[in-house]
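Report on the structure given below.
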Amino acid sequence: MEIENRKFYISIVIVLCLTMLLTLIPIWQLVIIPGIIAGMLNKSLKRGILSGLSGVTLSWGIYVIVGVYTRNVYLTLDQFGELIFGGGSGWIFLILIILLAAIFGAVGGGIGNGLMAVIKVYLEKHPSRDLKPK
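Under the working numbering, the first residue of the sequence shown carries the number 7, and numbering increases by one thereafter.
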């Protein structure tokens, strides 16, 4: 059990680092890749989804906090929210950004864990596994 906990925390750190690297690329949809890797690193579906969700959400949360304090991102989101909903609704977009990160991380973790389950079944039943070298 202790090894699984260690793997879980290590996978969160790996996902956090990979997501930070992928935020440098303008294609934000690639953040599903660290979630998939998190799902592959964990044995259970619950841990795979949780590590993908928490790693990507933490990374995007840090990125948003840095953007709010250094680049006035909140002012831009507030102006955009004022166009759609009315004054003072930039916080809706902040929540939407974090929610999107959580969804992408969780879906990636689920996909990665399911992919590993399929690969395990394939490797266990593959006919070349039983062949002996001559």
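Beta carbons: idealized from backbone N, C-alpha and C, even for Gly.
Boundaries (first-last residue) of the alpha helix (DSSP H) holding residue 97
Segment 96-131, the alpha helix (DSSP H) holding residue 97.
Let me check understanding here. Comparing Cα to Cα, which of 47, 104, 112 lies closest to residue 14?
Nearest C-alpha to residue 14 among 47, 104, 112: 47.
Buried versus exposed, by CB contacts within 10 Å (16 or more), residue 92:
Per the 10 Å Cβ criterion, exposed.
Drop a sphere of 10 angstroms on the beta-carbon of residue 62, count the other beta-carbons inside from all chains shown, and report buried for 16 or more, exposed for fewer.
Residue environment: residue 62 is assigned as buried (16 or more neighbouring CB atoms within 10 Å of its CB, all protein chains considered).
If you compare alpha carbons, which of 32, 127, 19, 96 is closest to residue 41?
Closest option to residue 41, Cα to Cα, is 19.
Classify residue 31: buried if its beta carbon has 16 or more other beta carbons within 10 angstroms, exposed otherwise.
It is exposed - the Cβ of residue 31 has fewer than 16 other Cβ atoms within 10 Å.
Report back the beta-carbon spacing between residue 79 and residue 73 to the nearest angstrom; my notes put them in contact at under 8 angstroms.
Contact between residue 79 and residue 73 holds: their C-beta atoms lie close to 4 angstroms from each other, under 8 angstroms.
At a cut of 8 angstroms, does the segment 115-135 reach the segment 96-106 through at least three beta carbon pairs?
Counting C-beta pairs closer than 8 angstroms gives fewer than three between the segment 115-135 and the segment 96-106, which falls short of the contact rule.
When you compare only the Cα positions, how much space is there between residue 36 and residue 130?
As the crow flies, the alpha-carbon of residue 36 is around 31 angstroms from that of residue 130.
Considering only the alpha carbon of each residue, which of 71, 49, 69 lies closest to residue 124?
Nearest option by C-alpha distance: 49.
Going by DSSP, what residue range makes up the alpha helix (DSSP H) through residue 21?
DSSP places residue 21 inside the alpha helix (DSSP H), whose first and last residues are 8-28.
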